[in-house]
Each structure stands twice: as C-alpha cells, then as structure tokens.
Amino acid sequence: DVKVTQSSRYLVKRTGEKVFLECVQDMDHENMFWYRQDPGLGLRLIYFSYDVKMKEKGDIPEGYSVSREKKERFSLILESASTNQTSMYLCASSPGTGYGNTIYFGEGSWLTVV
Amino acid sequence: KNQVEQSPQSLIILEGKNCTLQCNYTVSPFSNLRWYKQDTGRGPVSLTIMTFSENTKSNGRYTATLDADTKQSSLHITASQLSDSASYICVVSVVRGGATNKLIFGTGTLLAVQP
Chain B
11 DVKVTQSSRY LVKRTGEKVF LECVQDMDHE NMFWYRQDPG LGLRLIYFSY
61 DVKMKEKGDI PEGYSVSREK KERFSLILES ASTNQTSMYL CASSPGTGYG
111 NTIYFGEGSW LTVV
Chain X
39 KNQVEQSPQS LIILEGKNCT LQCNYTVSPF SNLRWYKQDT GRGPVSLTIM
89 TFSENTKSNG RYTATLDADT KQSSLHITAS QLSDSASYIC VVSVVRGGAT
139 NKLIFGTGTL LAVQP
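Here is the structure:
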C-alpha cells in the first residue's frame, strides 16, 4: 500500500515562529502537494512539486514556502506563523494527475497558531 | 471560473438506507472526476475516478455516475453502514499545460448514518 506520512499530527506554535511540516511518501511518486483544509472552503492548494527541486505555487502560496531536496520528501515551511494559518494541512502524492493516477493523501497535520 | 459545487452540504440517513450525493462542475478543459471519502480527522481516501467516456464506476457499495454533457456527477451509496459516516469530496481535474493537471475540490457533503 502507498503510504504518505506526515510527521506531526498536532502542533501548537506561537505567532512569529518558524514552522516545518514534513511529508514522506514511499512510492517513488513524481508529484507531491501541500493543501490546507478549512471548514466550508474545501481543500486549497498551497504548493506542489513535480520533481526534485521543482516547485510551483498553488492558489494560496502567500506566507508559505516549500522544499523538495529528495524525491520522497516534501516540506512545507511557515516562515513566520500567524493565527490565520491555523488549519489542517494535508500532504498528497501521485505518479501524475491524469486519468488512472490515484492521488494519495496523508493523515493531516493540525496546526494551531496562538 | 473553474468551480465544483456539491449538494447537499449535509445529510442524515438511517443505517441500511440508500443515498445519493450530487456534484456539479463548471470546468474546462475537463480531464477526469474523482470521489473521495474523508473520515473525521483523517486524510481523504480515493473511491472512484472517471474520465469523460465513462458513465458509471463502482467500488463496492459506492457507485459514481458521470454525465459529461450536463457536467454532473453523483455518488450513490447502497445499504448504508455506520462506517459510511464521513465527508464525501468531489474533485475535478482540469487539463493544463505542463506536467500536472489542476485539481478543483468541492467543499464536500457531510454524511451521518444513524442506527
């Protein structure tokens, strides 16, 4: 089974702190994604990566950055956490997004910024 | 504007009953449509994926339909079980230039199955 592992399930951080969310997948997938999920808004794409060291901005990249130094690992970085970044963060990976390519999600990381 | 709208927002049914969830989309150019199940506090799990040439796709008690002409999809759940209580998310993939399609997510239908 494909496994997408998010290292932290629950985090509480202070405003202004630098926050790292780590995601690892074990299926050699090209594509990896970071989403945030807020009630009533659905999943919104923050950043995605289609190859090592390659990244593209999603719909809401402001206040975030990412790193993909190795194929299996995709990190989301909040340079200076703010309270409006309190949310659930979902990492996903897939071999592609065309037909036949399943997108696998991690279990989510709940971040609270106080 | 690419949009995916789901209805109803929430639904309560009794165990053993059937139900149908709706998804309407205004997306172009269309690549494929997916349904995901998300248990509370967990990540979404794939149920079905369909391209424009497929009308129906089943996964156990879950059956998805797609009408590419009217841009509508439905997810039918047969003989519901308590474990079906979850949020069901419709996701439409939009073709774009480059390596990766764009995924447009609906806000989900929250289903509660009661004994």
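Residue numbers (the numbering used here), protein chains in the order written: chain B, 11 to 124; chain X, 39 to 153.
We put the CB at the ideal spot given by N, CA and C, even for glycine.
Nothing here was measured: the structure is a model prediction, and the numbers come from that model.
Neighbour list for residue i in chain B, Cβ cutoff strictly below 7 Å
i	result
threonine 116 of chain X	By Cβ distance, chain B contributes nothing, its closest Cβ being about 23 Å from threonine 116 of chain X, past 7 Å.
glycine 81 of chain X	Leu100, Phe115, Gly116, Glu117, Gly118
Assumed close pair residue i, residue j - CB separation to whole angstroms, cut-off 8 Å
i	j	result
phenylalanine 90 of chain X	valine 130 of chain X	That belief does not hold up - the Cβ atoms of phenylalanine 90 of chain X and valine 130 of chain X are roughly 11 Å apart, past 8 Å.
tyrosine 74 of chain X	isoleucine 127 of chain X	4 Å
serine 112 of chain X	leucine 59 of chain X	7 Å
valine 22 of chain B	tryptophan 44 of chain B	With 8 Å as the limit, valine 22 of chain B and tryptophan 44 of chain B do not qualify as a contact, their Cβ atoms being about 20 Å apart.
aspartate 11 of chain B	glutamate 82 of chain B	No, aspartate 11 of chain B and glutamate 82 of chain B are not in contact; Cβ-Cβ is about 16 Å, not under 8 Å.
arginine 73 of chain B	leucine 88 of chain B	According to the sequence shown, residue 73 of chain B is glycine rather than arginine. Correct: roughly 7 Å between the Cβ atoms.
threonine 93 of chain B	threonine 25 of chain B	6 Å
asparagine 62 of chain X	isoleucine 142 of chain X	That belief does not hold up - the Cβ atoms of asparagine 62 of chain X and isoleucine 142 of chain X are roughly 12 Å apart, past 8 Å.
glycine 144 of chain X	glutamine 44 of chain X	4 Å
Residues that residue i contacts on chain X, provided the C-beta gap is smaller than 9 Å
i	result
threonine 112 of chain B	Arg72, Ser84, Ile87
Listed by chain order, chain B residues near residue i by CB distance under 9 Å
i	result
glycine 98 of chain X	Going along chain B, no residue has its Cβ under 9 Å from glycine 98 of chain X, so there is no contact; the nearest lies around 16 Å.
Cutoff 8 Å: residue i Cβ touching any chain X Cβ
i	result
leucine 31 of chain B	no
leucine 21 of chain B	no
glycine 73 of chain B	no
leucine 121 of chain B	no
Proximal residues of chain X, C-beta to C-beta of residue i below 8 Å
i	result
glycine 50 of chain B	Thr145
Segment limits, beta strand (DSSP E) that includes residue i
i	result
leucine 86 of chain B	83-88
lysine 95 of chain X	94-97
glutamate 32 of chain B	29-35
lysine 63 of chain B	Looking at the DSSP string, lysine 63 of chain B is not in any beta strand (DSSP E), and its letter there is neither H nor E.
phenylalanine 68 of chain X	68-76
glutamine 16 of chain B	14-16
aspartate 105 of chain X	100-105
aspartate 48 of chain B	41-48
asparagine 111 of chain B	No beta strand (DSSP E) holds asparagine 111 of chain B; DSSP gives it neither H nor E.
glutamine 152 of chain X	147-152
lysine 80 of chain B	74-80
glutamine 41 of chain X	41-45
The region 76-90 of chain B: positions lying closer than 8 Å to chain X by Cβ: none
Selection of the region 132-152 of chain X by Cβ proximity to chain B, strictly under 7 Å: Ala137, Thr138, Asn139, Leu141, Phe143, Gly144, Thr145, Gly146
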